[in-house]
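Last residue of the sequence shown: number 343 in the UniProt record's numbering, and the count goes up by one each step with no gaps. No residue lacks a Cβ here, since even glycine has one placed at the ideal position from N, Cα and C. Quantities reported herein were computed from a predicted structural model and do not represent experimental measurements.
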Amino acid sequence: MTGPPEGAAGGMGEFALIGRLRRKLAASAGPDIVVGNGDDAAVVEAGEGRCWVMTCDVQVQGVHFPEGASGISVGQKALAVNASDVAAMGGTPRYALISLGVRADTPVAFLDEVYEGINARAGRWGVAVLGGNVSRTEGPFFIDIFMVGTVERDRLLLRSGARLGDQILVTGFLGDAAAGLHLLGHPEAKVRDEARTALIYAQLRPTARVEEGKAVAALKKATAMMDLSDGLAGDLGHLCEASGVGAVVWEQELPISPAALELAAAARLRPEEWALYGGEDYQLLLTAPVEAVPALQKAVREAGALPLTPIGEIVPAGQGLRLKRGEDLLPLRAGGWDHLKDK
Numbered sequence: 001m002t003g004p005p006e007g008a009a010g011g012m013g014e015f016a017l018i019g020r021l022r023r024k025l026a027a028s029a030g031p032d033i034v035v036g037n038g039d040d041a042a043v044v045e046a047g048e049g050r051c052w053v054m055t056c057d058v059q060v061q062g063v064h065f066p067e068g069a070s071g072i073s074v075g076q077k078a079l080a081v082n083a084s085d086v087a088a089m090g091g092t093p094r095y096a097l098i099s100l101g102v103r104a105d106t107p108v109a110f111l112d113e114v115y116e117g118i119n120a121r122a123g124r125w126g127v128a129v130l131g132g133n134v135s136r137t138e139g140p141f142f143i144d145i146f147m148v149g150t151v152e153r154d155r156l157l158l159r160s161g162a163r164l165g166d167q168i169l170v171t172g173f174l175g176d177a178a179a180g181l182h183l184l185g186h187p188e189a190k191v192r193d194e195a196r197t198a199l200i201y202a203q204l205r206p207t208a209r210v211e212e213g214k215a216v217a218a219l220k221k222a223t224a225m226m227d228l229s230d231g232l233a234g235d236l237g238h239l240c241e242a243s244g245v246g247a248v249v250w251e252q253e254l255p256i257s258p259a260a261l262e263l264a265a266a267a268r269l270r271p272e273e274w275a276l277y278g279g280e281d282y283q284l285l286l287t288a289p290v291e292a293v294p295a296l297q298k299a300v301r302e303a304g305a306l307p308l309t310p311i312g313e314i315v316p317a318g319q320g321l322r323l324k325r326g327e328d329l330l331p332l333r334a335g336g337w338d339h340l341k342d343k
């Protein structure tokens with residue numbers, strides 16, 4: 001099996017390519033730019049102690065959702081993944097512009113459904129869709145959203161603030177989206193209907209933890225935060241790199257849903273692999289001092305009825321990323337979703 005040709009993007013990988021392209025850009029300068037490249041979203045001063053939070057994300061048929069996915073699912077997911085970036089900064093999503101790449105033979109009814117899904121999520125979070133663009137494509141359908149949110153300057157959370165001794169926490173459950181993807185590829189798996197629906201929806205119709213992110217930011221106790229789009233192992237690696245620290249993850253504390261556990265048992269797979277490397281959970285990953293954890297757990301529970309689970313601790317950078325399994329400390333395999341290498 002041959003790999004990508006020499007000099008092709010696939011041989012470099014997503015994150016190396018992003019780094020290369022970032023170096024091609026002019027340095028983010030100017031007193032109004034708070035965060036340029038390198039976080040979940042860009043942040044610009046808006047005046048009077050507030051900031052604009054800006055992000056964009058594309059969803060491509062056959063990459064981010066299967067050809068058979070309903071338009072409603074596509075629209076909901078497209079808006080959610082952008083809102084998740086805003087939530088990761090502690091912000092509130094406000095406005096969106098939408099671009100579509102449409103084949104000439106794309107059913108109009110499918111596009112109607114896409115906007116039905118967008119409207120459902122936009123109404124939930126108070127997002128105003130202001131317009132966008134439509135272009136013809138000869139390739140697969142795609143939808144790209146540019147989203148603008150707001151955040152109070154003193155509530156802004158970045159991925160670069162983790163400190164030694166902090167605990168590492170996540171909202172909700174990890175691995176449900178990856179379990180749902182497994183089900184889409186193995187529909188014969190023996191699980192209860194309720195579990196099947198929950199896991200497939202986690203993959204096709206994820207939600208953004210907007211209220212939970214705002215609750216965390218309002219307390220001003222967390223030191224760093226980002227969303228989980230590429231898998232815990234990969235995203236925690238990004239957070240540690242930005243913060244100049246290392247981390248130990250406690251495998252036995254990973255929050256895995258009953259539905260994912262049921263599927264893993266039926267498929268004879270380790271659900272921890274989904275939790276660590278699956279991606280697309282769109283939960284929040286944050287760090288905070290140990291003494292702040294109870295207050296943060298209470299705030300997240302009240303905001304979204306979700307657990308906020310301690311899953312590890314921040315350690316010196318020289319220790320790298322490690323996984324505590326029983327009494328053993330193992331190197332945490334670098335991984336997570338890479339759009340240019342994974343299929």
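**Request:** Report the option in A208, G320, G161, G139 whose CA atom is closest to the CA atom of P93.
**Result:** When only C-alpha atoms are compared, the closest one is A208.
**Message:** Could you check whether S229 and V127 sit closer than 8 Å to each other, using their CB atoms as the reference points?
**Reply:** Cβ distance not < 8 Å, so V127 and S229 don't count as in contact.
**Message:** Looking at the secondary structure, which residues open and close the alpha helix (DSSP H) in which R196 lies?
**Reply:** Run containing R196: 193-204, per the alpha helix (DSSP H) assignment.
**Item:** Within 8 Å, strictly: CB atoms of C51 and V43
**Value:** It is a contact, given that the beta carbons lie within the stated cut-off.
**Request:** Could you tell me the distance, in whole angstroms, from the CA atom of A224 to the CA atom of S160?
**Result:** Rounded to the nearest whole angstrom, the C-alpha separation of A224 and S160 is 6 Å.
**Asked** With DSSP run on the structure shown, which of helix, strand or coil describes Q167?
**Response** Q167 falls in the strand class under three-state DSSP.
**Message:** Would L130 and L97 qualify as a contact pair, given that the criterion is a beta-carbon distance under 8 Å?
**Reply:** Cβ distance < 8 Å, so L130 and L97 count as in contact.
**Residue from A120, F141, L79 whose Cα sits closest to the Cα of V102** = Ranking A120, F141, L79 by Cα distance to V102 puts F141 first.
**Request:** Return the chain-ordered list of same chain residues with a C-beta closer than 8 Å to the C-beta of A334, the five sequence neighbours on each side being excluded.
**Result:** Apart from sequence neighbours up to five positions away, the residues of its chain that approach A334 with a beta-carbon distance below 8 Å are A233, G234, G237, L321, ordered along the chain.
**Request:** Within 10 angstroms of the Cβ of D166, are there 16 or more other Cβ atoms? Answer buried if so, exposed if not.
**Result:** It is buried - the Cβ of D166 has at least 16 other Cβ atoms within 10 Å.
**Asked** Helix, strand or coil for S99 per DSSP?
**Response** Residue state, collapsed to three classes: strand.
**Request:** Could you name each continuous alpha helix (DSSP H) segment of 4 residues or more that falls completely within the UniProt domain "PurM-like C-terminal" (165-318), going from the start of the chain to the end?
**Result:** Runs of alpha helix (DSSP H) with 4 or more residues, each lying fully within the UniProt domain "PurM-like C-terminal" (165-318), are found at 176-185, 193-204, 210-219, 232-243, 258-267, 271-277, 293-304, listed in chain order.
**Message:** Going by DSSP in three states, L340 sits in which element: helix, strand or coil?
**Reply:** Below a pLDDT of 50, predicted positions are generally treated as unreliable, and L340, at 43, falls in that range; the measurement from the model is reported next regardless. Three-state result, L340: coil.
**Message:** I need the DSSP call for V81, collapsed to helix, strand or coil.
**Reply:** Correct three-state label for V81: helix.
**Prompt:** If you draw a straight line from the C-alpha of R136 to the C-alpha of A104, how long is it?
**Reply:** Straight-line Cα distance between these residues: approximately 7 Å.
**Message:** Within a Cβ cutoff of 8 Å, which residues of the same chain sit near E302, ignoring the five residues on either side of it in sequence?
**Reply:** Leaving aside the five residues that flank E302 on each side, the residues in its chain whose CB is nearer than 8 Å to its CB run, in chain order, A215.
**Candidates L296, R121, L111, A266: closest to E188 by CA position** = For the residues L296, R121, L111, A266, the minimum Cα distance to E188 belongs to A266.
**Whole-angstrom distance between T106 and E67, CA atom to CA atom** = Each residue's alpha carbon lies about 12 Å from the other.
**Request:** May I have the straight-line CA-CA distance separating P258 from A41, to the nearest angstrom?
**Result:** Approximately 33 Å, taken between the alpha carbons.
**Item:** Short Cβ contact (8 Å threshold) for S84 with R205
**Value:** Contact: no.
**Prompt:** Is it right to say P31 is buried, meaning 16 or more other beta carbons lie within 10 angstroms of its own, or is it exposed?
**Reply:** It counts as exposed.
**Item:** Nearest candidate by alpha-carbon position, reference K164, set V248, N119, I143
**Value:** A quick correction: the sequence has Leu, not Lys, at residue 164. For the residues V248, N119, I143, the minimum Cα distance to L164 belongs to V248.
**Item:** Straight-line Cα distance separating F65 from T309
**Value:** C-alpha of T309 to C-alpha of F65: approximately 29 Å in a straight line.
**Message:** For K46, which residues in the same chain have their Cβ closer than 8 Å to its Cβ, ignoring the five residues on either side in sequence?
**Reply:** In the sequence as displayed, the identity of residue 46 is Ala instead of Lys. If we look at A46 and ignore the five residues flanking it on each side, its Cβ neighbours are W52, T150.
**Request:** Out of R20, L181, H182, L276, point me to the one whose CA is closest to residue 346's CA.
**Result:** Nothing about residue 346 can be reported from this structure: the residues present for the chain run from 1 to 343 only.
**Prompt:** Does the Cβ-Cβ distance between G71 and E113 come in under 8 Å?
**Reply:** Less than 8 Å divides the Cβ of G71 from the Cβ of E113.
**Request:** Might you give, ordered along the chain, the residues of its own chain that have their beta carbon closer than 7 Å to the beta carbon of R270, omitting 5 neighbours on each side?
**Result:** Only A264 meet the Cβ criterion.
**Chain-order list of residues whose beta-carbon lies under 8 Å from that of residue 419 (same chain, five-residue window excluded)** = Since the first residue of the chain shown is 1 and the last is 343, residue 419 is not available in this structure.
**Request:** Check the C-beta distance from A87 over to G175 and give it rounded, since I have them as a contact under 8 Å.
**Result:** No, A87 and G175 are not in contact; Cβ-Cβ is about 20 Å, not under 8 Å.
**Prompt:** When you compare only the Cα positions, how much space is there between Y282 and K298?
**Reply:** Approximately 20 Å, taken between the alpha carbons.
**Item:** Closest by C-alpha distance to E241, when choosing among G38, G62, Q76
**Value:** Looking at G38, G62, Q76, the one whose alpha-carbon comes closest to that of E241 is G38.
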